[in-house]
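Visitor:
Numbering (full-length UniProt numbering), first residue to last: 1 to 126.
1) Starting from the C-beta of residue 102, find all residues in its chain whose C-beta is less than 8 Å away, skip the five residues before and the five after it, and write them out in chain order.
2) Going by DSSP, name the residue or residues bridged to residue 13.
3) Any idea what DSSP makes of residue 23, helix, strand or coil?
4) Roughly how many angstroms separate the alpha carbons of residue 91 and residue 112, rounded to a whole number?
5) Roughly how many angstroms lie between the CA atoms of residue 23 and residue 115, to the nearest whole one?
6) Going by DSSP, what residue range makes up the alpha helix (DSSP H) through residue 54?
7) What does the alpha-carbon distance come out to for the pair residue 70 and residue 3?
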């Protein structure tokens, strides 16, 4: 895999998921893929298991890809997400590929915070 291929796979997921087509969105996963949320301790084995709860997800989810880094079959993607038009949250998602399909996805999400003014003099300009 290369950065362009990883980004294309994730954009495929985002586009079809936003359109409510979880079957098409889930085409990026191997059938035996694993999805983990370390913050909640959840682990879903097999794309069929997480495709179905995503289909019934009770909120509108918006996703943005910020940055893609990695090589070969291991990639870290910085993402932003928001639910029902609420505040943006950021975090990394770790993707492991087998061939051109995602075999493992680990998602971390956290709320954004205001940068403290006391350290402004050391910050790089946005």
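Don't be surprised by glycine CBs; every beta carbon is placed ideally from N, CA and C. Keep in mind that this is a model prediction, so the values were computed, not measured.
Guide: In brief:
1) 9, 28, 29, 30, 33, 95 and 96
2) Residue 13 is not bridged to any residue.
3) helix
4) 9 Å
5) 39 Å
6) 47-55
7) 7 Å
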